[in-house]
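Everything on this sheet refers to the single structure shown next.
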Amino acid sequence: MKELRLHSGEVFERVFVNEPPLDLRIVQEADSRVKIHVVNFSEDSEYSEILNKITVEQQGEGCVTEIYGLGYLRGEDHVETETHVRHIVGGGESKQLFKYVLADRSQGAFYGELLIAKDAQKTRTEQVNRNLLLSREAQMRTRPQLEIYADDVQASHGATTGQLDESALFYMQQRGINRDEAYRMLVAAFLKDVLETVADEETRTRLMDAIDRVVE
Amino acid sequence: MRELLKIKDLHASIAGKEILKGVNLVINSGEVHAIMGPNGAGKSTLSAVLTGHPAYEVTQGEVWLRGKNLLELPPEQRAREGIFLSFQYPVEIPGVSMTNFMRTAVNGKRQYEGKEPLGAREFLKLMKEKRALLEMGDKLQNRSVNEGFSGGEKKKNEIFQMAMLEPCLSILDETDSGLDIDALRIVAEGVNRLKTAENATIVITHYQRLLDYIVPDFVHVLADGRIVKTGDKSLALELEEHGYEGVKS
Chain D
0 MKELRLHSGE VFERVFVNEP PLDLRIVQEA DSRVKIHVVN FSEDSEYSEI LNKITVEQQG
60 EGCVTEIYGL GYLRGEDHVE TETHVRHIVG GGESKQLFKY VLADRSQGAF YGELLIAKDA
120 QKTRTEQVNR NLLLSREAQM RTRPQLEIYA DDVQASHGAT TGQLDESALF YMQQRGINRD
180 EAYRMLVAAF LKDVLETVAD EETRTRLMDA IDRVVE
Chain A
0 MRELLKIKDL HASIAGKEIL KGVNLVINSG EVHAIMGPNG AGKSTLSAVL TGHPAYEVTQ
60 GEVWLRGKNL LELPPEQRAR EGIFLSFQYP VEIPGVSMTN FMRTAVNGKR QYEGKEPLGA
120 REFLKLMKEK RALLEMGDKL QNRSVNEGFS GGEKKKNEIF QMAMLEPCLS ILDETDSGLD
180 IDALRIVAEG VNRLKTAENA TIVITHYQRL LDYIVPDFVH VLADGRIVKT GDKSLALELE
240 EHGYEGVKS
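Order-wise, the sequence lines are chains D and A.
Position 30 (the first sequence) corresponds to 29 in numbering that gives the first Met the number 0; numbering is contiguous.
Position 244 (the second sequence) corresponds to 243 in numbering that gives the first Met the number 0; numbering is contiguous.
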């Protein structure tokens, strides 16, 4: 496990692309910021079984935590991501957005544990997990787990798993767009909002190209 | 004038239920055909079958477009051969911008025809020109396809796409539904201005109203999966007055 302590006002930003399983624990002091992207793209990765674990604890006031995940899994890929976000003191903010596209017989899981302690008033949190299954054999497990002990907080969460919109595919084909191309465009569209959170333009472009390459 | 589309004894079903029960129709270039009929007669099924919707199964019959066997082609190839459907319910595609969508469609068709793809500047110029035809502002272009568009905007957007793709055969499926009178006029004028001696239009509608604006050369009554009567535009007025029961031949 890798441990990291962010001192007051410090910023930690990282985009992890197809890295070995993560086991990361970050402690945030007041007014520090964390922004992490965890990207798992099949094909480009040498790991087919991955368990990522990220724990972030806000111990000081006014912290911001952003954790994003996106993945395109296929074949026999198996990627699980576990997040533990803990708001110990108030006035903090956390945002999590995880999006996975699963093809073939791939399997994914997202477990998001979120704790807002009794004294963490005025905390604002958002946790969203959306998944797209491209085959009948693909599987996604998702389990948001919220423990909220403070009463004056804003906490929203949502999890959905669906399939590619066949009516959109047909609409695009009717305009003369190849089914394969339409497929690629719809998958890219699905992942778009997560990609847009990557601040560095070069990294963002590289990821978009990777999506084009792996989606077939 | 030459033969564009020929439908011979077309039977089609969905989930095992037969909807089209032997449709025959020939459409020549330069013509406008209206297909009218009661709910459930098979009007939308006909447009779905012609465009290759995967939910429908053709069990019998033939469809030829400019001498090509249409039923053998996947939907995108039918589109590139020049069939265009203005959807009754245009689909919203979040995350795909109108510009990207349209550029992929237009350049896909050009590639199919052995033409060079349009460059960014030419493409935007073409978009602007065609938008003017439908009195559309430019703000819709940066939005996702049909996402959050009003009913009228969606229908205008269909005809805009038709203008961009220049099909040889356009099928307007209930294009008038959900349109107020001003939007109806704009949409109909757009359609009329796209009419040439080389292309043809099928107008599927419940009501005579749209046919005041887009005047058909032929009116067909589709009932229970067959064309039961064909006439000129006066047939539409007759239908309006006496209902479908009154005209079953």
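All residues carry an ideal CB built from backbone N, CA and C; glycine is no exception.
Bridge partner(s) assigned by DSSP for residue i
i	result
D:V127	D:L96 and D:G157
A:T44	A:T44 pairs with nothing; no bridge assigned.
D:F40	D:Y71
A:H241	Paired residues: none, contrary to the question.
A:A222	A:R225
D:P143	D:G111
D:R13	D:I35
A:Y55	A:I13
A:A199	A:L168
A:V214	None, per the DSSP bridge assignment.
Residues of its chain near residue i, where Cβ-Cβ distance is below 8 Å and the 5 sequence neighbours each way are ignored
i	result
A:Q110	P116
A:L72	G51 and E80
A:V95	S143 and V144
A:I185	L133, E134 and K155
Chain A within 9 Å of residue i, Cβ atoms only
i	result
D:A188	yes
D:I176	yes
D:D164	yes
D:F97	no
D:E9	no
D:A209	no
D:K1	no
D:K117	no
D:Y71	no
D:Y170	yes
Buried versus exposed, by CB contacts within 10 Å (16 or more), residue i
i	result
D:Y99	buried
D:V193	buried
D:V38	buried
A:T195	exposed
A:S46	buried
D:K235	Since the first residue of chain D shown is 0 and the last is 215, residue 235 of chain D is not available in this structure.
A:V48	buried
A:P74	buried
D:N177	buried
A:G242	exposed
A:N198	buried
Residue i versus residue j: straight-line alpha-carbon distance, rounded
i	j	result
D:G70	D:D164	19 Å
D:R4	D:N51	19 Å
D:V197	D:R32	15 Å
A:G15	A:A54	10 Å
D:R142	A:E56	41 Å
D:R212	D:R205	11 Å
A:D216	A:H32	6 Å
A:T200	A:M97	24 Å
D:L133	A:A119	32 Å
A:I13	A:V90	21 Å
A:D172	A:H205	10 Å
A:L210	A:A235	8 Å
Other residues of its chain near residue i: CB distance less than 6 Å, five sequence neighbours each side excluded
i	result
D:T54	R24 and H83
A:L24	I6
D:A108	E79 and R140
Chain D contact for residue i (CB, 9 Å cutoff)
i	result
A:F148	no
A:N99	yes
A:I158	no
A:V48	no
A:L45	no
A:K232	no
A:Y55	no
A:T103	yes
A:E165	no
A:P89	yes
A:I92	yes
A:A78	yes
Nonlocal neighbours in the same chain, by C-beta distance under 7 Å from residue i, ignoring five residues either side
i	result
A:R225	K20, G21 and V22
D:E48	H77
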